[in-house]
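Student: Here the sequence shown stands for residues 1 to 333, numbered as in our numbering. C-beta: ideal position from N, C-alpha, C; glycine also. Computed from a prediction, not measured in an experiment: that's the story for all the values here.
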Amino acid sequence: MTRFALLDLVPVVEGGTVSQSLANAADLARHAESLGFDRYWVAEHHGMRGIASAATAVVIAHVAAATRTIRVGAGGIMLPNHAPLVIAEQFGTLDALFPGRIDLGLGRAPGSDQRVARAMRRTLDSDPNAFPQDVLELQSYFADDGQTGIVATPGAGANVPLWILGSSTFGAQLAAALGLPYAFASHFAPDALDQALAIYRRDFRPSAQLAQPYAMAGFNVFAAETDAEAELLASSQQQSFVALRTGNPRQLPPPVEGYRASLGPQGNQILDHILQCSAVGSPATVARQTAAFIERTGVDEIMVTSAIYDHQARKRSLAITAEVMSGLAMAVA
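1. Below 8 Å, can you find three or more Cβ-Cβ pairs linking the region 58-78 to the region 142-150?
2. I'd like the list of long-range same chain contacts for A234, defined as Cβ closer than 7 Å, with 5 residues on each side in sequence excluded.
3. Taking the Cβ atom as the reference point for each residue, do A228 and D203 lie within a distance shorter than 8 Å?
4. Go through the region 185-234 residue by residue and report every complete run of the alpha helix (DSSP H) that reaches 4 residues or more, in order.
5. Would you tell me roughly how many angstroms separate the C-alpha atoms of N24 and Y259, rounded to the nearest one?
6. Do D38 and A5 come within 8 Å of each other at the CB atom, strictly closer than that value?
7. Below 8 Å on the Cβ atoms is my guess for L106 versus V135; work out the distance and round it to an integer in Å.
8. Is the CB-CB distance between P283 and E323 below 8 Å?
9. Output the distance between the C-alpha atoms of P213 and T93, rounded to the nearest integer angstrom.
10. If the criterion is Cβ atoms closer than 8 Å, does the pair A196 and T169 meet it?
11. Let me make sure I understand the geometry here. Which of P249, R296 and G171 has the alpha-carbon closest to that of Y200?
12. Does the beta-carbon of D191 have 16 or more other beta-carbons within 10 angstroms, so that it is buried, or is it exposed?
13. Pull the bridge partners of M48 from the DSSP assignment, please.
14. To which residues of the same chain is V332 closer than 7 Å at the C-beta, ignoring the five residues directly before and after it?
15. Among E137, A313, F188 and A117, which one has its Cα closest to the Cα of E231?
16. Go ahead and pull the three-state DSSP assignment for T153.
17. What would DSSP say about D103, mapped onto helix, strand or coil?
18. Using only the heavy atoms of the ligand ATP, determine whether one of them is closer than 7 Å to the beta carbon of L232.
19. Rounded to a whole number of angstroms, what is the C-alpha to C-alpha distance between A55 and F142?
20. Among all the DSSP beta bridges, which residues are the ones paired with I382?
21. Quick check for students: name the residue ranges of the beta strand (DSSP E) that lie wholly in the region 2-67, counting only runs of 3 or more.
22. Suppose the cutoff is 7 Å on Cβ atoms and the five residues either side in sequence are ignored; what does the same chain contact list for S140 look like?
23. Considering only C-alpha positions, which residue in the set I270, L180, I164 and V12 is nearest to A189?
24. For M303 and G218, which I take to be in contact (beta-carbon distance under 8 Å), what is that distance rounded to the nearest angstrom?
25. Would you identify the three-state DSSP class for S282, choosing helix, strand or coil?
26. Please work out which residues of its chain come closer than 7 Å, Cβ to Cβ, to A243, disregarding the five sequence neighbours upstream and downstream, and give them in chain order.
27. From the DSSP output, which residues share a beta bridge with V72?
28. Which value, in whole angstroms, describes the spacing of the CA atoms of S21 and G15?
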């Protein structure tokens with residue numbers, strides 16, 4: 001059975017507030033928990049008016065406190081932005097507060113543009129190519145193996161599974177070499193998905209954390225009672241993607257009827273490329289498209305994501321997604 005999880009960027013809708021977005025995040029996580037989702041992740045982004053998850057560890061604590069059993073984590077923390085010791089302390093604290101429920105996905109992108117990255121780091125001298133060494137240092141703090149000469153408090157001995165995130169073959173190679181689970185960002189960067197999964201599975205070396213490869217892939221799902229309704233819901237995220245890729249990022253806008261038809265060739269080309277790994281439609285349509293994605297990739301887990309303007313419509317989309325996944329599991333059994 002392919003497991004399913006939720007990635008929430010904690011969208012700030014046009015006319016909304018960060019406070020409401022954070023309240024919605026907790027409500028959405030409780031809803032996902034009740035539907036059988038295995039985990040709920042938020043991602044680190046900075047300087048983006050439409051995303052409220054910049055203080056990622058704080059948001060994780062907020063969501064974990066609002067839920068009981070679902071795993072909660074980062075998908076991910078952009079490690080070049082931080083000293084590994086600080087992340088060990090943050091996630092060691094989260095593990096102490098919510099034992100056995102915290103995940104830590106690690107990426108090497110800045111989660112921002114260079115101007116915002118400079119403001120956050122105070123310098124751009126940190127080297128993204130040092131990412132593998134930073135991951136090893138972080139592992140050392142959690143293992144409390146004495147290699148750094150520093151005891152992370154909290155952090156030492158914490159039970160926080162690490163994941164490597166990626167949108168290229170670099171992350172696949174690192175996850176395989178370290179024997180860690182791997183999550184591919186195919187929900188917005190699908191190009192290298194098949195190649196990255198093949199490399200990860202071919203080169204995987206067992207570790208103390210993981211005996212065999214475990215791969216997750218991001219997948220956009222916009223589900224509703226009809227194909228037309230789902231297409232309408234999806235138009236909010238489509239508008240956001242086009243705005244971001246054309247240098248005009250914005251808060252999540254209301255849906256627009258016939259949005260794709262109103263775009264020129266350039267806009268439609270952007271969306272066709274970004275949203276290759278998506279299911280949009282009625283329950284039957286979503287089931288067909290999701291099954292095709294699982295068959296193509298063979299992933300162990302799908303990380304569902306979608307930015308829907310109306311919170312209740314988003315909850316309904318998740319409910320349909322859970323029904324679809326349950327039906328696909330029964331069909332395989």
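Tutor: Result, derived from the coordinates:
1. no
2. F222 and V280
3. no
4. 193-203
5. 26 Å
6. yes
7. 6 Å
8. yes
9. 28 Å
10. yes
11. G171
12. exposed
13. BP columns for M48 are empty, so no partner.
14. M1
15. A313
16. coil
17. strand
18. Summarising the ligand content, the structure contains no ligands, and the ligand ATP is consequently not present.
19. 21 Å
20. Since the displayed the chain opens at 1 and closes at 333, residue 382 lies outside it and no answer follows.
21. 3-7 and 39-42
22. Q147 and T148
23. I270
24. 5 Å
25. coil
26. P249 and R250
27. Y40 and I102
28. 11 Å
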